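Here the sequence shown is numbered in my numbering, starting from 34 and rising by one per residue.
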Amino acid sequence: MSQLETPLFDVLLKHRNRHPIQFHIPGHKKGHGMDPAFREFVGDNVLSIDLINIAPLDDLHSPKGAIKEAQALAAEAFGADHTFFSVQGTSGAIMTMILTVVGPGDKILIPRNVHKSIMSAIVFAGAIPIFIHPEVDSEYGISHGISAEAVEKALNAYPDAKAVLVINPTYYGFSADLKRIVEIVHSRNIPVVVDEAHGVHIKFHDELPYSAMEAGADMAATSVHKLGGSMTQTSILNVREGLVSAKRVQAVFSMLTTTSTSYPLLASLDTARRQLAIHGYDLIGDALRLAKDARKRINQIPHLKCAGKEKLHSSATFDMDPLKLLISVKDLGISGHQAEEWLRHNANIEVELSDLYNILCLVTLADTKKEINLLINALSRMSKAFDSEAAFTETVVNVPEIPALAMSPRDAFYADTEVVPLAEADNCICAEFIMVYPPGIPIFIPGEIITEENIRYIQMNVEAGLPVQGPEDTTLKTIRVIKERRAII
34 MSQLETPLFD VLLKHRNRHP IQFHIPGHKK GHGMDPAFRE FVGDNVLSID
84 LINIAPLDDL HSPKGAIKEA QALAAEAFGA DHTFFSVQGT SGAIMTMILT
134 VVGPGDKILI PRNVHKSIMS AIVFAGAIPI FIHPEVDSEY GISHGISAEA
184 VEKALNAYPD AKAVLVINPT YYGFSADLKR IVEIVHSRNI PVVVDEAHGV
234 HIKFHDELPY SAMEAGADMA ATSVHKLGGS MTQTSILNVR EGLVSAKRVQ
284 AVFSMLTTTS TSYPLLASLD TARRQLAIHG YDLIGDALRL AKDARKRINQ
334 IPHLKCAGKE KLHSSATFDM DPLKLLISVK DLGISGHQAE EWLRHNANIE
384 VELSDLYNIL CLVTLADTKK EINLLINALS RMSKAFDSEA AFTETVVNVP
434 EIPALAMSPR DAFYADTEVV PLAEADNCIC AEFIMVYPPG IPIFIPGEII
484 TEENIRYIQM NVEAGLPVQG PEDTTLKTIR VIKERRAII
C-alpha cells in the first residue's frame with residue numbers, strides 16, 4: 034500500500050455508489066428519514082456514508098479489511114507498530130492506554146498537570162498515581178513538562194511503578210526531553226505512555242519536537258482532529274510492540290468503544306493521515322512561517338508578550354511547538370478571560386483557551402496570512418483599549434501548590450461522602466474533580482487534601498469568569514468530601 038491510498042474512504046465511496054437497499058441502521062437511511070432542515074445543511078454526501086459495520090465496510094472492533102488497511106497505513110505514517118482509530122476522542126485512547134498498563138493497586142508515575150481523562154482512567158483502573166511535579170513558569174503562570182531528572186528520582190523512590198506517563202507537548206506547546214525520559218524508564222523495563230493530544234503534527238516536520246514514536250515511547254494517544262485535519266472526536270492510539278501487547282490494547286479498546294462507530298469520522302482519519310503523510314511537511318512549513326511572523330509582531334505590541342524559544346532552558350522545557358501562540362495579557366491589567374471576551378465581541382475572534390493571565394491561539398494547516406493579520410490587528414486594538422489601565426497595573430502571578438494525595442482516587446471516588454461548604458473544606462479530602470476546562474487540568478482530584486490556598490485559587494478562577502467545572506454543585510458553593518480519612522499507604 035502507498036500513503037496516497039485511503040482504503041477506508043474508498044470502500045465507503047464504492048459501497049455508496051452501489052446504491053444498496055438498506056434494511057439496517059442508521060434509521061435515517063442516507064438522510065431520507067432525517068429532519069429536512071438538518072439534511073439540507075449537512076448534505077447528502079456525508080449522510081450517504083453514515084453507515085454501520087456491515088461486512089463490506091469492516092468492523093473497528095475486529096478489523097480484517099479496509100479499516101485494518103487504513104490503520105496499517107497510519108502506523109507506517111506515524112512510525113508505530115500498530116495504530117488504532119478512535120471515535121471516542123483522545124480521552125478514549127488515553128483511557129485505553131492507562132487501562133492497558135495498570136490495574137488495581139498498581140503505581141503509575143504521572144505529571145500533576147494531566148488531563149482529566151487520565152485521572153478518570155486511573156479511577157477506573159484502581160491504580161495509584163504518583164505525581165511528579167512539573168516545572169512551573171512563574172512568568173506566565175502555567176505548568177510545563179516534567180524533567181528527566183525528576184522522573185529518575187521518582188523511579189528510585191518507587192521502583193515498583195508499572196508505567197510512566199508523559200505529556201508531549203503540553204497544551205501550551207512545550208515538550209520535555211522525551212528521548213532521555215524514555216531511555217531512563219526503559220532501562221528499568223517499564224513502559225512509557227504518552228498523552229500526545231496536542232502533537233499529531235510534530236512527526237511531520239523537523240522543526241518540531243520529537244514525536245512519542247520517534248522518541249521510542251510504547252504508546253501514544255494522539256488527537257488527529259486538534260491539529261491534523263480530521264473531524265472533531267477522532268484520534269489515534271499508536272503502539273510499539275515489546276513492553277506492551279497490541280492484542281491487549283485491542284481488547285481494552287473494544288471494551289471502551291461504542292459498537293456503533295461513525296464511518297464519516299473514521300473516513301476523516303483515513304484522509305487526514307494521507308494529507309499529513311503526503312503534504313504535511315509543506316503545509317506545516319507554511320504554518321510555521323505564519324506563526325514565526327505572528328510571534329514577532331505580537332511581541333512588538335505594547336503590554337503583550339508571546340512565549341518563544343527563550344523559555345527553553347531545562348529537560349522539562351526542552352523544545353516547543355511554535356504553532357502555539359501563548360500570549361500573556363497580564364501587563365494590560367486584564368485576565369485572559371477578559372481578553373478572550375474582548376476579542377470575541379470586538380473582533381469576532383475565538384481563541385483556543387484563556388486562563389488567569391494568558392490567551393492561547395493556534396496556527397494550523399488551515400491558516401493564511403489573512404487570519405494572522407486579523408489577529409495582530411485585533412491584539413493591537415485591544416492593547417490600545419486597555420492602555421490606560423496597563424500603566425497602573427502590576428499583576429502578581431499566583432501558581433498554587435500541588436495538593437497532597439491522601440488516598441487513592443478510586444477509593445476516594447467511591448467512599449462514603451458528605452457535602453460541606455467550599456469555604457470550610459480546608460484539610461478535608463476531596464471526593465470529586467474540580468478543573469478549569471479548557472485545558473481540563475484538575476485543580477483537585479478525588480483523594481487530594483483540600484487546602485485554603487487552592488480554595489482561593491478556585492475562587493480566583495470563578496471571579497475571573499473562567500469555566501470551572503466538575504463538582505456536583507455547579508455554583509461551587511459546596512464540595513463533596515469523604516467522611517473518613519485513610520492513608521494511601
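Even glycine gets a Cβ: it sits at the ideal position worked out from N, Cα and C. Since the structure is predicted, the reported quantities are computational estimates derived from the model, not experimental observations.
Check whether the Cβ atoms of Ile-435 and Met-152 sit closer than 8 angstroms, and answer yes or no.
-> no
At what residues does the beta strand (DSSP E) containing Ile-392 begin and finish?
-> 391–395
Helix, strand or coil for Lys-342, going by three-state DSSP, please let me know.
-> helix
Per DSSP, Ala-253 forms a beta bridge with which residues?
-> Val-227 and Asn-271
Same chain, Cβ closer than 6 angstroms to Ile-143, five either side skipped, listed in chain order | Pro-162 and Leu-198
Euclidean distance between Cα positions of Lys-47 and Ile-311 = 23 angstroms
Distance between Arg-145 and Leu-455 (C-alpha atoms, nearest Å) = 22 angstroms
What is the rounded straight-line gap between the Cα of Ala-448 and the Cα of Gly-178?
-> 32 angstroms
For Pro-137, count neighbouring C-beta atoms within 10 Å of its own C-beta (all shown protein chains included) and say buried if the count is 16 or more, exposed if not.
-> exposed
Does the stretch 93–108 come close enough to the stretch 205–222 that 3 or more CB-CB pairs lie under 8 angstroms?
-> no
Do you know how far the Cα of Pro-355 is from the Cα of His-148?
-> 21 angstroms
Span of the beta strand (DSSP E) holding Thr-290?
-> Run containing Thr-290: none; DSSP gives neither H nor E here.
Start-to-end residues for the alpha helix (DSSP H) that takes in Met-130 | 122–134
Beta-carbon gap between Val-12 and Val-44 smaller than 8 angstroms = With the chain covering only 34 through 522, there is no way to say anything about residue 12.
Phe-74 versus Lys-63 - alpha carbon distance | 14 angstroms
Proximity of Ala-437 and Glu-481 at Cβ, strictly below 8 angstroms | yes
Reduced DSSP secondary structure (H/G/I, E/B, other) of Arg-513 = strand
Keeping to the same chain, check which residues put their C-beta closer than 6 angstroms to that of Ser-35; ignore five residues upstream and five downstream.
-> none
To the nearest angstrom, report how far apart Asp-326 and Asp-193 are at their CA atoms.
-> 48 angstroms
For Met-34, three-class secondary structure by DSSP = coil
Report back the beta-carbon spacing between Leu-155 and Ile-141 to the nearest angstrom; my notes put them in contact at under 8 angstroms.
-> The question names Leu, but residue 155 in the sequence shown is Ile. That pair is a contact at about 7 angstroms.
List the whole-angstrom C-beta distance separating His-115 from Ala-279, where the pair is believed to meet the contact cut-off of C-beta under 8 angstroms.
-> 4 angstroms
Length of the line joining the Cα atoms of Leu-412 and Glu-168 = 29 angstroms
Between Val-120 and the rest of its own chain, which residues show a CB-CB distance below 8 angstroms, the 5 nearest in sequence each way excluded?
-> Leu-93, Gln-266, Thr-267, Thr-290, Thr-291, Thr-294, Ser-295, Leu-298 and Leu-299
Nearest neighbour of Ser-387, chosen from Arg-443, Gly-473, Tyr-314 and Gln-333 [CA to CA] | Gly-473
Going straight from the alpha carbon of Ser-171 to that of Tyr-390, what length do you get?
-> 11 angstroms
Output yes or no for whether 8 angstroms exceeds the beta carbon distance between Ser-368 and Lys-338.
-> no
According to the Cβ coordinates, are Ile-483 and Ala-458 closer than 8 angstroms?
-> yes
The beta strand (DSSP E) with Ser-361 in it runs from where to where?
-> 357–361
Would you say Ile-214 and Ala-181 are within 8 angstroms of each other, going by their C-beta atoms?
-> yes
Which of helix, strand or coil DSSP assigns to Val-285 = helix
Nonlocal neighbours in the same chain, by C-beta distance under 6 angstroms from Pro-40, ignoring five residues either side = Ala-99, Glu-102 and Ala-103
Put Ser-81 into one of helix, strand or coil per three-state DSSP.
-> helix
Given Ala-399 as reference, the closest of Arg-377, Cys-463, Ala-445 and Gly-313 once Cα atoms are compared = Gly-313
For Lys-195, name the three-state secondary structure that DSSP assigns.
-> coil
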